[in-house]
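Heads up: the sequence shown begins at 23 in our numbering, then just goes up one per residue.
Have a look at the structure below before the remarks.
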Amino acid sequence: MKVILLKDVKKVGKKDEIVDVSDGYATNFLIPRKLAVPYNERTISQLKANQARALAEEKAHKEEALVNKKKLEEKEISFILAIGEKGKAFGAITAKKVEEKIKEEFKINVDRRKFVNFQPLNQLGPTIVEIELFKDVIAKVKVLVKDKE
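Structure representation (structure tokens):
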């Protein structure tokens, strides 16, 4: 029996794949557990519509990420860090602080877990922070750390 998988099933296939399984496995296991639906014209048209909708959503998210990337790369973010007499920094600029500053200045929500190889900033001067906004869309944000004067 041919079925369309609704979820990934081990040793059978991935979501949205059309697979051929035994009749008993399909009727007694996959279909009752909502892991698959029978292969027919109606389910094929639903599958194609779902794939088209998912593709359109992904394209919209990528376009939004490209717009946000351009906004983030145009401007520089500044932070003030207290430096002691011997040149040692008191504290550091963390990913959370950078995330909050971006949200405040640009009105863009970024997840700090999407920062690429981020290390807390405890040195004065300019630094580039890379943020993965979407798959293959990485924004290089200029961050300037200044001394508290």
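Glycine included, each C-beta is placed from N, C-alpha and C at the ideal position.
If you're wondering where the values come from, they're calculated on a predicted model, not measured in any experiment.
Practice task
Check whether the Cβ atoms of A58 and V25 lie closer than 8 Å to each other.
Solution key: Yes, the Cβ-Cβ distance between A58 and V25 is below 8 Å.
Handout entry: Within-8 Å CB hit, K170 to chain B
Key = In the structure shown, chain B cannot be found, because there is only a single protein chain.
Handout entry: Proximity to K129 [Cα-Cα], best of F137, K136 and V120
Key = Nearest option by C-alpha distance: V120.
Exercise for the section: Tell me P60's beta-bridge partners as DSSP assigns them. Expected result: Beta-bridge pairing links P60 to V25.
Exercise for the section: Below 7 Å CB to CB, which residues in the same chain sit around K91 once its five sequence neighbours on both sides are set aside? Expected result: Taking K91 as the centre and dropping the five residues before and after it, the same chain places the C-beta of L155, V159 and A161 closer than 7 Å to its C-beta, in chain order.
Problem - Distance between V34 and P54 (C-alpha atoms, nearest Å) - result: Going from the Cα of P54 to the Cα of V34 covers about 16 Å.
Practice task
Can you tell me which of the three DSSP states K129 falls into?
Solution key: Three-state DSSP puts K129 in coil, outside helix and strand.
Handout entry: Counterpart residues of E98 in DSSP-defined beta bridges
Key = K164, per the DSSP bridge assignment.
Exercise for the section: Rounded to whole angstroms, what's the CA-CA distance from K170 to F112? Just pull it up for me. Expected result: Cα to Cα, K170 sits roughly 11 Å from F112.
Handout entry: Exposure of V132, with buried meaning 16 or more beta-carbon neighbours within 10 Å
Key = V132 should be labelled buried.
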